[in-house]
Amino acid sequence: MGKGFRGTVTDHPNFDANSDAEALYNAMKGFGSDKEAILDLVTSRNNAQRQEIRSAYKSLYGKDLIADLKYELTGKFERLIASLMLPPAYHDAKEIKDAIKGAGTDEKCLIEILASRTNEQIHSLVEAYKDAYGRDVEQDVIGDTSGHFKKMLIVLLQGTREEDGVVHADLVEEDAQALYAAGEEQWGTDEAIFIMLLGNRSVTHLQLVFDEYQKITEKSIEDSIKSELSGDFERLMLAVVQCIRSRAMFFARRLYKSMKGLGTADNTLIRIMISRSEIDMLDIRECFRLRYDKSLHNMIEDDTSGEYKRTLLKLCGGDDDVAGEFFPEAAQIAYKMWEISAMSKVQLRGTVHPYAEFDPGSDAQDLRKAMKGFGTDEDTIIDIIARRSNDQRQVIRQAFKSLLGRDLMADLKSELSKNLCRLILGLMMTPPEFDAKMMRKAMEGAGTDEHALIEILVTRSNQDIQAMCEAYQEAYKKSLEDAIHSDTSGHFCRILVSLAQVGCYWLAVLALGDACNADSDEMMDKFMSILCTRSFPHLRRVFQEFVRCTNKDIELIIKKEMSGDVKNVMLAIVRSVKNQPSYFADRLYKAMKGLGTDDRALIRIMVSRSEIDLFNIRKEFKETHDASLHDFIQVEALVVSVPLLSSAAASGPCGLCMNEAAVCVNVLYPVVSHCECTSSFWSGWRGTERSTGFCGVHAQLSCSGISPVHLTSSLSAQCLTGVEHCDRKCSITGLYWLYHQNPL
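Heads up: the sequence shown begins at 64 in this note's numbering, then just goes up one per residue.
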């Protein structure tokens with residue numbers, strides 16, 4: 064993988080070190096500095112040429128070029144230019160030094176560098192560290208880390224991985240079995256086996272081992288690592304696996320995470336853009352385009368500014384959104400991604416399950432009691448409804464009618480308000496009723512919520528859609544198809560009324576290939592006939608073969624050739640086919656990011672996926688956004704409900720469990736009360752590195768007859784002393800949080 068030069072910064076023709084040194088000197092002398100001239104010159108020379116310029120500058124002016132640049136420039140631009148002037152090994156050494164100096168440790172930096180460098184790069188780093196700081200990098204790492212995380216870092220620092228191409232054919236199956244025996248097959252984990260194999264075998268060999276592991280366990284090695292390991296050690300081993308699969312994709316993920324959301328992780332962005340600019344930036348760009356909605360060029364442009372932005376864009380080298388074809392490296396990765404998607408047998412898991420001690424009569428009475436008299440006991444309503452499966456809720460509805468002669472839905476509607484009311488009523492409907500109502504809401508009134516229509520129709524099975532159509536007809540005395548026809552138009556309308564069915568994927572591949580060369584109407588007809596009628600397993604194979612046959616990206620073709628709602632629905636189909644939990648994770652993120660929350664989307668997804676794949680969605684959300692879905696929901700509730708923190712609407716000692724946020728938390732973690740205090744404080748913080756994020760922890764947990772639950776706190780320090788949690792006999796003594804850090 065990644066043979067030959069794949070960088071964006073090359074050697075400058077007609078290079079003259081003395082002339083460049085003089086140009087830089089002139090750009091910095093006098094009042095102010097010519098930043099544009101500096102960035103143009105530095106980014107158009109490769110690193111070897113920059114070292115010659117440094118030497119020439121010293122010879123001509125008796126001054127240190129890096130020191131002068133640091134004096135003249137400021138902020139992130141100064142850091143970027145000064146770092147570009149360092150030799151690669153010295154730049155890595157400086158990053159390692161900065162990561163471990165001072166009170167805290169930047170574990171992500173250590174992981175990124177040591178998991179991704181070749182043997183030669185590691186050896187050069189070790190020598191540069193010794194030369195620059197007069198210290199042994201291994202000893203410094205040992206002094207600043209601990210446990211299995213430390214052991215794996217030391218193994219990587221040896222730089223003894225077998226060279227690429229070395230494959231022990233007779234050991235591939237044996238190594239896969241050894242990894243299985245060390246983790247999934249037994250109680251507990253033999254971390255030494257993971258360290259030995261992942262730290263020493265060649266990249267080529269391990270790629271074959273991972274494929275064999277998937278056949279043996281029907282799980283990816285990544286999923287096994289997530290379930291068997293924890294903390295920084297887990298993150299390090301995942302990074303090693305990702306680099307073995309594709310360094311370019313690993314760095315694409317790191318770059319995306321450095322820029323998404325509010326704020327930018329500038330150190331990460333600078334480090335990667337510099338270190339990969341002469342190695343594999345072209346492949347990273349293409350992997351970035353393959354995985355995310357926009358090109359790396361466009362994301363840098365949107366997320367940075369000034370000379371800092373212009374320098375980063377020079378290192379990036381171009382905008383890939385203008386192209387539709389893959390680079391060779393990325394084509395291989397895209398083909399492999401679709402193959403993994405087609406072969407994976409991911410067990411979809413909801414978070415809401417039938418309640419073991421279900422008593423519909425008792426639940427009906429408790430709900431009535433919660434709504435009688437002055438005020439409403441929202442906590443009880445949340446606690447009951449979010450912990451019962453949908454089938455059980457329907458039985459409660461019937462029991463409420465039979466025992467009390469009242470309509471539970473009507474009572475809930477009169478007692479609750481706004482989003483909490485919408486969310487609770489949504490949970491009380493059957494899935495077809497809920498989908499039908501969401502379709503109706505998306506089309507009623509002046510505007511149309513096209514994203515809601517797309518999300519529902521793209522992600523439901525044929526059986527789900529049939530049941531929804533029947534529910535729509537029953538509720539609104541009009542067919543869903545007629546409603547769509549009256550509210551939408553053109554190709555978008557045709558797509559929405561035609562989603563289902565199967566066929567031969569080779570014919571579909573050829574048809575898609577022909578469609579790329581057809582006029583727009585013919586192309587649209589062919590895309591619709593395939594993407595809207597074939598099954599998801601079928602389409603995975605179609606998209607895989609499409610890459611191989613055409614060297615084109617189906618998503619980029621759609622982005623380039625289509626627009627508006629038609630483009631959105633086609634992209635939603637492709638992304639849902641590739642990884643449906645990931646598609647929903649992205650929809651949830653977009654519903655909550657920025658100012659304000661798309662409450663309808665949040666409610667719709669949380670309700671509709673709670674018994675299907677919300678557990679998987681949680682995992683994808685955490686993987687992509689480096690924050691838990693739980694945390695996002697809690698933060699959204701805090702932002703919009705600060706005045707409620709001291710009011711009766713805030714429930715429990717944490718002061719966080721307000722209105723719809725409490726329901727969402729209960730749906731995410733059904734065994735957790737919305738006050739969330741107790742024992743899987745320990746099991747949630749899996750592994751040994753439990754001290755990260757809080758201090759002064761002294762807990763005495765005494766629990767009997769309960770499922771493990773997940774402990775959270777507010778964003779500020781909380782003190783829960785001697786809390787008696789409902790009837791669960793759980794006490795927490797002297798628990799002081801420094802800040803909130805959710806493990807999932």
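Cβ atoms here follow ideal geometry from the backbone N, Cα and C, with glycine treated the same way.
- Message: Is it the case that the segment 641 to 654 contacts the segment 676 to 683, given that we only count it when at least three CB pairs across the two stretches are under 8 Å?
- Response: Contact holds between the segment 676 to 683 and the segment 641 to 654, because three or more Cβ pairs, one in each stretch, are under 8 Å apart.
- CA-CA distance, Leu318 and Lys435? Distance between the alpha carbons of Leu318 and Lys435 is about 54 Å.
- Query: Taking all protein chains shown into account, do 16 or more other C-beta atoms lie within 10 angstroms of the C-beta of Gln564, making it buried, or fewer, making it exposed?
  - Reply: Low per-residue confidence applies at Gln564: pLDDT is 35, beneath 50, and the placement is therefore not dependable, though the value from the model is reported in the following sentence. With fewer than 16 other CB atoms across the displayed protein chains lying within 10 angstroms of its CB, Gln564 is exposed.
- Message: Which complete alpha helix (DSSP H) runs does the segment 86 to 167 hold, if anything under 4 residues is left out?
- Response: For the segment 86 to 167, the full-length alpha helix (DSSP H) segments reaching 4 residues or more read 98 to 106, 110 to 124, 128 to 135, 138 to 147, 151 to 163 along the chain.
- In its own chain, which residues sit with a C-beta less than 6 Å from the C-beta of Leu269, not counting the 5 before and 5 after it? Leaving aside the five residues that flank Leu269 on each side, the residues in its chain whose CB is nearer than 6 Å to its CB run, in chain order, Ile307.
- Have a look at Ile620, Val189, Gly657 and flag the residue whose alpha-carbon is nearest the alpha-carbon of Leu353. Between Leu353 and the set Ile620, Val189, Gly657, the nearest pair of CA atoms involves Ile620.
- 8 Å contact criterion, which Leu123 and Ser96 should meet: CB distance rounded: Contact flag wrong, Cβ pair sits at about 18 Å.
- Query: Hey, quick one: how far does the alpha helix (DSSP H) through Ala191 stretch, first residue to last?
  - Reply: Start and end: 182 to 196.
- Query: Under 7 Å, do Ile487 and Leu475 count as touching if we go by C-beta distance?
  - Reply: In this structure, Ile487 places its C-beta atom within 7 Å of the C-beta atom of Leu475.
- Give the range of the alpha helix (DSSP H) segment to which Ser338 is assigned. Under the DSSP assignment, Ser338 falls in the alpha helix (DSSP H) whose first and last residues are 329 to 339.
- Message: Suppose you measure from the CA of Arg310 to the CA of Leu345; what does that come to, to the nearest Å?
- Response: Each residue's Cα considered, the two are about 12 Å apart.
- Query: Buried or exposed: which applies to Pro495, given that a residue is buried once 16 or more other Cβ atoms fall within 10 Å of its Cβ?
  - Reply: Buried, because 16 or more other Cβ atoms sit within 10 Å of the Cβ of Pro495.
- Runs of alpha helix (DSSP H) wholly within the segment 197 to 242 (minimum 4 residues, chain order): Correct list: 200 to 207, 210 to 220.
- Task: Can you grab the Cα-Cα spacing for the pair Arg339 / Gly70, in whole Å?
- Result: Between the C-alpha atoms of Arg339 and Gly70 there is a straight-line separation of about 7 Å.
- Message: With a threshold of 6 Å on Cβ separation, who are the neighbours of Glu291 within its own chain once the five nearest residues in sequence on each side are excluded?
- Response: Here the set comprises Gly246, Thr252.
- Item | Where the alpha helix (DSSP H) through Pro423 begins and ends | Counting along the chain, the alpha helix (DSSP H) containing Pro423 begins and ends at 423 to 434.
- Report yes if the CB atom of Val726 is closer than 7 Å to the CB atom of Ile445, and no otherwise. Taking 7 Å as the Cβ cut-off, Val726 and Ile445 qualify as a contacting pair.
- Message: What does the Cβ neighbour count give for Ser743, buried or exposed, with the cut at 16 atoms within 10 Å?
- Response: Bear in mind that a pLDDT of 34 at Ser743, under 50, signals an unreliable position, so the model cannot answer this.
- Going by the CB atoms, is the gap between Leu104 and Ala86 shorter than 7 Å? In contact: Ala86 and Leu104 (Cβ atoms closer than 7 Å).
- DSSP-derived helix/strand/coil call for Ala419: Of the three classes helix, strand and coil, the one that applies to Ala419 here is coil, per DSSP.
- Query: Whose C-alpha, out of Phe437, Gly510, Arg503, is nearest the C-alpha of Ser477?
  - Reply: Here the closest residue by C-alpha is Phe437.
- Message: Between Leu188 and Ala232, how many whole angstroms is the CB-CB distance? I'm expecting something under 8 Å.
- Response: About 32 Å separates the two Cβ atoms, so there is no contact after all.
- Item | Counted within 10 angstroms of its Cβ, other Cβ atoms place Val72 as buried (16 or more) or exposed | So Val72 ends up on the buried side.
- Just reading off the alpha helix (DSSP H) that Val632 is part of, what are its end residues? For Val632, the enclosing alpha helix (DSSP H) has its first and last residue at 627 to 641.
- Message: Val632 and Ile528 - do their beta-carbons sit closer together than 7 Å?
- Response: Cβ distance not < 7 Å, so Ile528 and Val632 don't count as in contact.
- Out of Thr367, Gln221, Thr280, Gln249, which has the shortest C-alpha to C-alpha gap to Gln410? Checked all of Thr367, Gln221, Thr280, Gln249; the closest Cα to Gln410 is Thr280.
- Go ahead and label Leu483 buried or exposed: buried means 16 or more other beta carbons lie within 10 angstroms of its beta carbon, across all protein chains shown. Leu483 sits buried, since 16 or more C-beta atoms from the chains shown fall within 10 Å of its C-beta.
- Item | Sub-7 Å separation of Val640 and Arg603 beta-carbons | Judged by their CB atoms, Val640 and Arg603 are nearer to each other than the 7 Å cut-off.
- Message: If I follow the unbroken alpha helix (DSSP H) through Gly381, where does it start and stop?
- Response: Where Gly381 is concerned, there is no enclosing alpha helix (DSSP H), because DSSP gives it neither an H nor an E.
- Task: Please say whether Leu376 and Leu336 have beta carbons closer to each other than 7 Å?
- Result: It is Met, not Leu, that sits at residue 336 in the sequence shown. With respect to Leu376, Met336 sits apart: the two C-beta atoms are not nearer than 7 Å.
- Item | Residue from Tyr120, Gln526, Ser452, Asp295 whose Cα sits closest to the Cα of Met148 | Of the listed residues, the one whose Cα sits closest to Met148 is Tyr120.
- Query: How is Tyr355 classed by DSSP in three states: helix, strand or coil?
  - Reply: Coil at Tyr355, not helix or strand.
- Task: For Phe437, name the three-state secondary structure that DSSP assigns.
- Result: Three-state result, Phe437: coil.
- Answer with buried or exposed for Pro423, where buried requires no fewer than 16 other C-beta atoms within 10 angstroms of its C-beta. So Pro423 ends up on the buried side.
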